[in-house]
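Below: the structure, in structure tokens.
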Ligand SMILES: [Zn+2]
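Residue numbers (our numbering): 157 to 569.
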């Protein structure tokens, strides 16, 4: 079990040392000394380091995933494919206002549009909705109304089949998330709620069919497994549902489902991967386990104002700090994603301890991710430049670190 993550031996707190200035020649990286020095570097100087590293990574990622492939798109998805590079460029544009990033981003989305034309996947992370939604939003920022119209029309063409699952990566919740993204950036009503009302009803109906009878009010399955986590299970579905105005009894069932999860969590504060796997306290990932569930609990605390959710989020964040320094780099099941759980708790509580902990995870990556991956001691991901499994997720985190109160888990929060 211990070989899934590095024992976290980083100090519980390190004060910033104002005497540390920007160095011309940085120290060798990957030692205890270099990591401690990063942790004590004043935040405004550290922020510059994160930003510089992120923008360097971005260049490499664009070259590797798009430039060098001569604009071929073997996998268009945001999760592991080329659209993830576009999403990173959109983030870089939001941070630096470099319009060149926006232009390249738009080109990449265009190539993903061609590649996904016949895809039957409907979600933001793994389907056609992600291409249409990001395409429309980027076109809006570029001031190209015709292109906005094109992508919005394409989004409206997406058909949801009856046999679709409810989860986030391939199912109804992932379609709803794309709807939220478009309306948030372009304006409420860009896609009318008539496109989502029946989808929400279907999710609730399916949830009640498997739930109830002395267990969770709502329960969903994906390939026969009743998952709890963000990617395929309850945490992801409830997270998205809480963004909609639900009928009172639907909202009550969402709340009841989250309370059921809190009540049946492991004594450690972690969460099972699925309903039928309630014995193995193993995974501490965004996709399965505490980190993804922290994000849902933080939102539940905001929506319901219930102290129970804050306390559960705090307990889960403790698990993330102790067992979340994974031997992987990405946001789905790696250190970068786990840092977002800590950032989200910082946003909710304002407690600087969580900012320090998120910063420590990010500093660990900044100091030694490249070295550990090169030595084979850390898994760089099956798709090493991708947003969810590769270093694009780390670059995204580095872009968020200078403004931690506004950090949001990419393509999810
Ligand atoms: Zn994962």
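Built from N, CA and C at the ideal position, the CB exists for glycine as well.
Pick helix, strand or coil for residue i, following the three-state DSSP scheme.
i: residue 484; result: strand
i: residue 569; result: coil
i: residue 229; result: coil
i: residue 196; result: helix
i: residue 132; result: Here the chain covers residues 157 to 569 and nothing more, so residue 132 does not appear.
i: residue 270; result: helix
i: residue 305; result: helix
i: residue 280; result: coil
i: residue 169; result: coil
i: residue 430; result: strand
i: residue 361; result: helix
i: residue 424; result: coil
According to DSSP, residue i sits in a beta bridge with which residue or residues?
i: residue 535; result: 484
i: residue 381; result: 378
i: residue 372; result: Residue 372 is not bridged to any residue.
i: residue 440; result: 445
i: residue 161; result: 482
On the CB-based measure, 16 or more other CB atoms within 10 Å of its CB, does residue i come out buried or exposed?
i: residue 227; result: exposed
i: residue 542; result: buried
i: residue 494; result: buried
i: residue 253; result: exposed
i: residue 379; result: exposed
i: residue 205; result: buried
i: residue 568; result: buried
i: residue 539; result: buried
i: residue 313; result: exposed
i: residue 255; result: exposed
i: residue 340; result: exposed
i: residue 165; result: exposed
Short of 6 Å in beta carbon distance, which residues of its chain neighbour residue i, apart from the five on each side in sequence? Order them along the chain.
i: residue 398; result: 455, 459
i: residue 527; result: 186
i: residue 448; result: 385, 386, 391, 442
i: residue 310; result: 288
How many Å lie between residue i and residue j at the Cα?
i: residue 174; j: residue 522; result: 20 Å
i: residue 554; j: residue 368; result: 42 Å
i: residue 196; j: residue 423; result: 34 Å
i: residue 189; j: residue 262; result: 42 Å
i: residue 343; j: residue 560; result: 25 Å
i: residue 264; j: residue 373; result: 42 Å
i: residue 507; j: residue 308; result: 40 Å
Could you check if residue i belongs to the surroundings of ligand 3, using beta carbon to heavy atom distance under 7 Å?
i: residue 395; result: As for ligand 3, it is missing from this structure, which binds only ligand 1.
Given residue i, which residues of its chain have a CB within under 7 Å of its CB, disregarding the five upstream and five downstream residues?
i: residue 486; result: 492, 493, 537, 544, 545, 546, 549
Of all Cβ atoms in chain C, is any one closer than 8 Å to the Cβ of residue i?
i: residue 317; result: No chain C is present in this structure, which holds just one protein chain.
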